[in-house]
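Participant: According to our numbering, the sequence shown is numbered sequentially starting from 824.
Just so you know, even glycine gets a beta-carbon here, dropped at the ideal spot from N, CA and C.
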Amino acid sequence: MWRCPLCQSSLTTDTVWYCENNHRFDVSKRGYVNLLPVHKKGSKQPGDSKDMLSARQMFHQTGGYQPLMDKMATRLISALKTKTGELSLYDAGCGEGSYLNEVQCALQNHGVSVSAAGSDIAKSAVDFAARQYKQAQFVVASSFDLPVENNAVDVVLQVFAPGDDEELHRVLKPGGLLLHVAPGPEHLYALKSVAYQTPRKHEQPVDHRAGFVLQSREPLSFDINFSSAEQISALLMMTPFTWRLSEEKRESLVRDLKQIEADFVVSLWAKSETV
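#1: Decide if K1094 is buried, meaning its Cβ has at least 16 other Cβ atoms within 10 Å, or exposed.
#2: Alpha carbons only, please: which of T1062, A1033, S921, A964 is nearest the one belonging to E1096?
#3: Could you tell me which of I1083, E1041, A878, V994 sits nearest to K894, measuring between CA atoms?
#4: Go to H862, then tell me how far its alpha helix (DSSP H) extends in each direction, as first and last residue.
#5: Return yes when the Cβ of F961 is within less than 8 Å of the Cβ of V949, no when it is not.
#6: Does the Cβ-Cβ distance between V926 and L903 come in under 8 Å?
#7: Is DSSP giving D914 helix, strand or coil here?
#8: Report the option in F1049, E1053, V1088, P970 whose CA atom is closest to the CA atom of E1026.
#9: Output the distance between the C-alpha atoms of T838 and L1059, rounded to the nearest integer angstrom.
#10: DSSP three-state call for D988: helix, strand or coil?
#11: For Q1054, report the span of its alpha helix (DSSP H) as first-last.
#12: May I ask you to report which of helix, strand or coil DSSP gives S832?
#13: Are the Cβ atoms of S1039 and L1091 separated by less than 8 Å?
#14: Specify the secondary structure class of A929 as computed by DSSP and reduced to three states.
#15: Kindly confirm or deny that the stretch 849–865 and the stretch 941–956 touch, where touching means at least three C-beta pairs closer than 8 Å.
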């Protein structure tokens, strides 16, 4: 399913990944492969920082967003009930791998054979994911230039991640599905109100995407009841709000915040014949 990021020819995956033009990509000790050309990085260390990724991993391990992960899995299980054979699942902007792993495991527990892979522009994210989740293949790559062959994937996950609709359309098989998760209007609004003088609520996701037909859209809201100061600290650190909080405000939130509303919009799109 992989293609060379330099010449777009198919990659042979072995102890070293290579294409017919002899472009070669080493497999790291953790098993991931860096398919992000230097001239496409955009910055020295693109993507989320190690601290943000570590916080996100810790927060997910506490089950903070478990209802969202369950909703994603349930929606796909329902949509794929007539699917036969192995399912190819790809997370475009996988972060530290939690969403991909949860969905993969849920599908497998439901009797679906799943081949899972994910990519992220942050090398640290892919390192976290590959270290934690051995049953999926991870690569370093931009979501705007996916190192995936045409019509190669059954389902793409896009969770809080930017991307390019033409690229997503290109890599999906005919009739393939795109599961998109965006923050809802009330998502973490209590934190926004502390971090910004004039906080704005998130806008509703678009109703039209070139090359896709909207199959369903479901809001999902739930309260996170914090179990520890460490869980609150992890949530703060994994959001962009943390950079706008003074040390005093951060300490106050960690001390006093007991509950917060999580709000999401889960949309399922199907690939159409044209872009």
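Facilitator: Taking the coordinates as given:
#1: Burial call: buried.
#2: For the residues T1062, A1033, S921, A964, the minimum Cα distance to E1096 belongs to A1033.
#3: Considering only I1083, E1041, A878, V994, the residue with the shortest C-alpha distance to K894 is E1041.
#4: Premise fails: H862 is in no alpha helix (DSSP H) and is neither H nor E.
#5: Yes, the Cβ-Cβ distance between V949 and F961 is below 8 Å.
#6: Between V926 and L903, the C-beta gap is not smaller than 8 Å, which leaves the two residues out of contact.
#7: Here D914 sits in strand by DSSP.
#8: For the residues F1049, E1053, V1088, P970, the minimum Cα distance to E1026 belongs to V1088.
#9: For T838 and L1059, the distance between alpha carbons rounds to 39 Å.
#10: DSSP, read as helix, strand or coil, puts D988 in helix.
#11: 1052–1061 is the extent of the alpha helix (DSSP H) around Q1054.
#12: Of the three classes helix, strand and coil, the one that applies to S832 here is coil, per DSSP.
#13: Less than 8 Å separates the beta-carbon of S1039 from that of L1091.
#14: Here DSSP, grouped into helix, strand and coil, assigns A929 to helix.
#15: These segments touch.
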